[in-house]
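Q:
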Amino acid sequence: QKEVEQNSGPLSVPEGAIASLNCTYSDRGSQSFFWYRQYSGKSPELIMSIYSNGDKEDGRFTAQLNKASQYVSLLIRDSQPSDSATYLCAVRNSGGSNYKLTFGKGTLLTVNP
Amino acid sequence: GAGVSQSPSNKVTEKGKDVELRCDPISGHTALYWYRQSLGQGLEFLIYFQGNSAPDKSGLPSDRFSAERTGGSVSTLTIQRTQQEDSAVYLCASSLVSTGELFFGEGSRLTVL
């Protein structure tokens, strides 16, 4: 059973701060990792993909991947109240079912004005 | 271009009735997924279609659930003899096989009374 673990939160940060969201996964062979943002009552929206060890930056978002530690993180700089949402970590399975994404249950982020 | 389109957005039905949920993927995306999200739970994989290949139905929770994809495009998820535990948001996603990035529709919220 492939697992993706996230701290459910809630994670509360003040406006302008850095929010740090973490994710660990069990499938050592996984090669593709994704972060989705889900506003309350809405569907998940892809915000970042990362495939190689290290950092990948896109605007205020930075994804970090460490395959040896089976760890993915998302940093949100200069957090805004509009960033308040649940953030889902998703990992693409390895092996024969490598078309499937396994999702974590998400971390609820609240950015306080 | 248009995103993934799902209908109906909301469906209220009585226990024992059949329901059909429809998904129209992004044009050019050959991979199509159905996931289910119950209140406070993570995304649960249901079924995967890719081109003309046999679908992966391994996530369907019971034989009351079935899905088809006609002409490699539109998909229908059918739930027969609905039960209260079927109440959830049913999410359809499509992707290019090469990237594995899933793009979700707005979902169909099913309530079984």
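Keeping their order, the protein sequence lines are chains A and B. Residues in the first sequence are numbered from 1 upward in steps of one, following the working numbering. Residues in the second sequence are numbered from 1001 upward in steps of one, following the working numbering. Just so you know, even glycine gets a beta-carbon here, dropped at the ideal spot from N, CA and C. Small disclaimer: the values here were computed from a predicted structure and weren't measured.
Measuring only the C-alpha atoms, how far is A/VAL13 from A/ARG77?
A: 11 angstroms
Q: Would you mind listing the beta strand (DSSP E) stretches within the segment 6–82 of chain A that are 3+ residues and don't spill past its ends, in chain order?
A: Assignment of beta strand (DSSP E) within the segment 6–82 of chain A, counting only whole runs of 3 or more residues, yields 11–14, 19–25, 33–38, 45–50, 54–58, 61–66, 71–76 in chain order.
Q: Would the C-beta of A/SER26 count as close to the ligand COA, meaning under 6 angstroms from any of its heavy atoms?
A: Absent from the structure shown: the ligand COA. Ligands present: none.
Q: Please report the residue range of the beta strand (DSSP E) in which B/VAL1074 lies.
A: From DSSP, B/VAL1074 is part of no beta strand (DSSP E); its letter is neither H nor E.
Q: Can you grab the Cα-Cα spacing for the pair A/ASN93 / B/LEU1096, in whole Å?
A: 16 angstroms
Q: Does DSSP classify B/GLN1084 as helix, strand or coil?
A: helix
Q: Starting from B/ASP1024 and walking both ways along the beta strand (DSSP E), at which residues does that stretch end?
A: 1019–1024
Q: Output, in chain order, the set of chain B residues within a Cβ distance shorter than 9 angstroms of A/PHE34.
A: Those are GLY1100, GLU1101, LEU1102, listed as they occur along chain B.
Q: Which class does B/SER1007 belong to by DSSP, given the choice of helix, strand or coil?
A: Under the three-state reduction of DSSP output, B/SER1007 falls in the strand class.
Q: Going by beta-carbon coordinates alone, are B/LYS1011 and B/VAL1112 separated by less than 7 angstroms?
A: no
Q: Determine the extent of the beta strand (DSSP E) in which B/SER1096 is found, giving its start and end residues.
A: Note that residue 1096 of chain B is Leu in the sequence shown, not Ser. Taken as a continuous stretch (DSSP letters only), B/LEU1096 belongs to no beta strand (DSSP E), as it is neither H nor E.
Q: Taking just the CA atoms, how far does B/PRO1008 sit from A/ASP58?
A: 34 angstroms
Q: Quick check on B/TYR1090 - is its C-beta less than 7 angstroms from some C-beta in chain A?
A: no
Q: Let's see if you can read the secondary structure: which residues bound the beta strand (DSSP E) around A/SER84?
A: Run containing A/SER84: none; DSSP gives neither H nor E here.
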